[in-house]
Amino acid sequence: RGKRAFIAGIADDNGYGWAIAKSLAAAGAEILVGTWVPALNIFESSLRRGKFDESRKLPDGSLMEITKVYPLDAVYDNPEDVPDDVKANKRYAGSSNWTVQEVVESVKQDFGSIDILVHSLANGPEVSKPLLETSRNGYLAAISASSYSFVSLLKHFVPIMNPGGASISLTYIASERIIPGYGGGMSSAKAALESDTQVLAFEAGRKHKIRVNTISAGPLRSRAAKAIGFIDMMIDYSSANAPLQKELSAEEVGNAAAFLASPLASAITGAVVYVDNGLNAMGVGV
Ligand code: NAI
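Under our numbering, the first residue of the sequence shown carries the number 1, and numbering increases by one thereafter.
Given below as structure tokens:
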């Protein structure tokens, strides 16, 4: 039977999550999606109204099918964690069962198991502030949404992941090199995500035969990246300085993710895989 994938962090057709879903679908996987609760209505209605039909096209001409969209807020593990003001928020009150534990329970009830978990989400409320000006709350919020969210998703999904399965997250080189402008503790959050990739590869590998890798992706003009504010500069910088002087397409990251999730990568775990036109290998810009 085909593989089943859960991709957390899709709310439009511009980001890495969408491209990964397409590459996995093209390889024959069934696609389940976790969409941030406040973005759910617009994403689902756009899907229904055919707004994404052009970008749903797969190489064989068919359209990617999303079997089910689950509302998700990956900063909450279970209903007891949700503060009253969020519970009362209109956008949240209209959906139910969107904490990590509840989403996994729903997926288990609906489908029994998954093979592939993709984490393609990040959030840092103070991302535009330098680290020196970042508040404790801003820093912890970045870590919660961008790093612990992966620990939590894997922890809850791993009991229903089939042995031989794989998980993939998205990281950014600001974890290990200085990228001015990627602030608010987001660089710290990516460093945690990469370190956790190693420890979780050991734990999930030994206990469940699950592989854990992260893709360090080059710059893409996604919704999240536009919010940071320097994305066009980063794209220009990469085109000028990377070994491969072309704009990175989301599809190239999607294809690398499909490879990492496949048996072709059966001995790869605990790795940070660069999909960035080689920019990470440069020491100076030329
Ligand atoms: P995106 O905007 O398509 O994806 C981010 C998603 O996270 C959005 O759908 C948003 O709704 C969701 N999200 C935010 N907070 C959430 C929460 N608490 N619970 C559930 N979902 C939540 O943007 P993009 O850029 O494709 O981001 C995907 C991943 O790729 C992120 O981890 C990002 O850091 C990483 N990345 C992006 C790069 C870029 O240049 N765009 C470069 C390297 C890594």
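The C-beta atom is built at its ideal place from N, Cα and C for all residues, glycine as well.
Item, Value
"Meets three-Cβ-pair contact criterion under 8 Å: the stretch 28–46 and the stretch 132–141", "no"
"LYS3 versus LEU170, ILE116, GLU251 and PRO125, residue with shortest Cα-Cα distance", "ILE116"
"When SER238, SER216 and VAL118 are compared against LEU24, the one with the closest alpha-carbon", "VAL118"
"TYR172 CB to nearest heavy atom of the ligand NAI below 7 Å", "yes"
"Top-ranked residue by Cα proximity to SER149, from SER62, ALA189, TYR172 and PHE111", "ALA189"
"Proximity test, SER120 beta-carbon vs the ligand NAI heavy atom, cut-off 7 Å", "yes"
"Straight-line Cα distance separating ALA240 from ARG211", "35 Å"
"Separation of ASP110 from VAL69, as counted between CA atoms", "12 Å"
"Distance between beta carbons of ALA8 and LEU153, contact taken as under 8 Å", "6 Å"
"Per-residue DSSP class, three states only, for PHE6", "strand"
"CB of LEU40 within 8 Å of CB of PRO71, strictly", "yes"
"LEU117 beta carbon near the ligand NAI (any heavy atom closer than 7 Å)", "no"
"THR67 versus LEU32, SER167, LYS209 and ARG177, residue with shortest Cα-Cα distance", "LEU32"
"Contact test: LEU260 Cβ vs the ligand NAI heavy atom, cutoff 7 Å", "no"
"Simplified DSSP assignment, three categories, for ASP13", "coil"
"Proximity below 8 Å, CB of THR197 to CB of VAL272", "yes"
"Touch test, the stretch 175–190 against the stretch 215–234, Cβ-Cβ under 8 Å, three pairs minimum", "yes"
"The stretch 11–21 contacting the stretch 79–94, beta-carbon criterion three pairs below 8 Å", "no"
"Same chain, Cβ closer than 6 Å to LEU170, neighbours up to 5 away in sequence not counted", "TYR16, SER120, ILE215 and ALA217"
"Under 8 Å between C-beta atoms of MET161 and SER106", "no"
"Proximity below 8 Å, CB of PHE52 to CB of GLY34", "no"
"Reduced DSSP category for TRP36 - H, G, I as helix; E, B as strand; rest coil", "strand"
"CA-to-CA distance, VAL104 to ASN277, given in whole angstroms", "35 Å"
"Alpha helix (DSSP H) runs contained entirely in the stretch 197–269, provided each spans 4 or more residues", "223–228, 231–241 and 250–261"
"Closer than 7 Å: LEU220 CB and nearest the ligand NAI heavy atom", "yes"
"Sequence-distant residues of the same chain with beta carbon closer than 7 Å to LYS57, five excluded per side", "LEU63"
"Where the beta strand (DSSP E) through GLY164 begins and ends", "161–171"
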